[in-house]
Amino acid sequence: MIGRQVRRYLAGAIAILSLWAALPALADQQPVSSAAGAILMEATTGKVLYAKNAHQQLPMASTTKIMTALLAIEHGDLDEMVTTDASAYGVEGSSMYLQLEETVSLRDLLYGLMLASGNDAAVAIAVHIGHGVAQFANMMNQRAKALGAFNTNFVTPNGLPDPDHYTTAYDLACIAAAAMQNPTFREIVSTQYYRTSTGAVPRTFKNKNKILWNYEGGNGIKTGYTKAAGRCLVFAAERDGMQLVGVLLNCNDMFEEAEMLLDYGMEHYEMTPLVRGGQAIANVYVADGMKNRLALCPGEDIMVPVEKDGSSLYKTRVLLPDGLTAPITAGQTCGEVEVLEEDGTLRAKFDLLAMEDVDQATVGFYIKKLFRNMT
207 MIGRQVRRYL AGAIAILSLW AALPALADQQ PVSSAAGAIL MEATTGKVLY
257 AKNAHQQLPM ASTTKIMTAL LAIEHGDLDE MVTTDASAYG VEGSSMYLQL
307 EETVSLRDLL YGLMLASGND AAVAIAVHIG HGVAQFANMM NQRAKALGAF
357 NTNFVTPNGL PDPDHYTTAY DLACIAAAAM QNPTFREIVS TQYYRTSTGA
407 VPRTFKNKNK ILWNYEGGNG IKTGYTKAAG RCLVFAAERD GMQLVGVLLN
457 CNDMFEEAEM LLDYGMEHYE MTPLVRGGQA IANVYVADGM KNRLALCPGE
507 DIMVPVEKDG SSLYKTRVLL PDGLTAPITA GQTCGEVEVL EEDGTLRAKF
557 DLLAMEDVDQ ATVGFYIKKL FRNMT
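Here the sequence shown is numbered in this note's numbering, starting from 207 and rising by one per residue.
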């Protein structure tokens, strides 16, 4: 990334790329959810495909544990051993039944957290990673804000009821989409069965998320229930390169409605390349180099979700430094390209990479250049 470099918008670097089809959009065919809050989102761009009360603050029960798991993975070593204290013993609600002062790997705690929905595992993780529940809650809130979840507040690591513990369908989808980008998290929440290898007794967990069992491409992520929150589900599925995540808060028929929303997304949207990886989309001035211009390209295909039977419009905006100084190596990050919707909503950022080496100019190079200018 070039966050600390001085940036400017390169004149003429905004390229509008339209992806049109002949038939009208399908807004009148959107599904209807009974949830208090609901959303369906394409995970890589954050594009919202369906929403109902998506920004209403609601309790979220054990779907809280998505953030708990993400922080544990980001800040811990899964093979390190954790000795539980009294705070994790006998926690109310769903449990992996940790014993007092039991020593368990962080990996086994994470599977107990996400498959068995262990409230005790959540506390053990919070104490281990954050050195206390309150400190860990601060970490959760900081991470949430960094992910754009501005209407969320965490108090507990497990989602047990608290009036100051809440989220929105949109915020929770943003958190889930980020978590699903982490390979370790993704592996855990897509696991149907898991048997522990550490701890005082062997334990076998079965994932409570029926999407993994019943929906083609289902790959996550977490169920939840309290009286205050009702039945909650964060769900995910991937087909044909399109990763969808969704949230249902306070929804009695959560699995049926999750499948309905996923069907809607899969049937009406598809991923389409906006820019191909390796395709030059900008060039930048290079100082002190054997050549003074350098072509830049994304290192991977930039894919966006578009309606199959409607129209979608995206644009790219190239962000470049004022200049670069040789030497530069092919593949080096030299800029960024943003993907925006027609209304200017930022959907994704990708690095722009140097397409070739630019060696530092030698004395001989400058002498030859001087003689060429004299003739």
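Backbone N, C-alpha and C fix where the C-beta goes; we use that ideal spot for every residue, glycine too.
Below 8 Å, enough C-beta pairs join the region 514 to 526 and the region 539 to 552 to call them touching: three or more. When secondary structure is reduced to three states using DSSP, L450 falls in the strand class.
Runs of the alpha helix (DSSP H) lying entirely within the region 493 to 578, each at least 4 residues long, are absent. Distance from the CA atom of M509 to the CA atom of T250, rounded to whole angstroms, is 9 Å. For C380, the enclosing alpha helix (DSSP H) covers residues A375 to A385.
For the pair of segments examined, the region 427 to 445 was found not to touch the region 250 to 263: the number of CB pairs separated by less than 8 Å stays below three.
In terms of Cβ geometry, G436 and M477 do not form a close pair [threshold 8 Å].
The three-state reading of DSSP puts F342 in helix, counting H, G and I together. Sequence-distant Cβ neighbours of F342 in its own chain, meaning closer than 7 Å and more than five residues away, are A332, I335, G336 and P363. For V395, the enclosing alpha helix (DSSP H) stretches over residues P389 to V395. If you draw a straight line from the Cα of D565 to the Cα of I534, it is about 7 Å long.
The residue from S268, Q348 and D283 with its alpha-carbon nearest to that of G299 is S268. The beta carbon of R313 is closer than 6 Å to those of L284 in its chain, skipping five residues each way along the sequence. For D326, the number of other beta carbons within 10 angstroms of its own is at least 16, and it is reported as buried.
A382 and A292 have their C-alpha atoms some 30 Å from each other.
With a cutoff of 8 Å on beta-carbon distance, I394 and M320 are scored as near each other. DSSP, read as helix, strand or coil, puts N259 in coil. Residue pairing by DSSP places F461 in no beta bridge whatsoever.
Checking the DSSP bridge columns, you'll see M247 partnered with V254 and V451.
Assignment of beta-bridge partners to I335 by DSSP yields no partner. Measuring C-alpha to C-alpha distances from A434 to each of G324, L468 and N456 identifies N456 as the nearest. Ranked by Cα distance from M302, the first of T373, A330 and G324 is G324. Residue state for E280 is assigned as helix, using DSSP reduced to three classes.
Taking the Cα of A275 as reference, the smallest distance to any Cα among N259, R392, L500 and Y295 is reached at R392. When the beta-carbon positions are compared, L468 and A488 stay at least 8 Å from each other.
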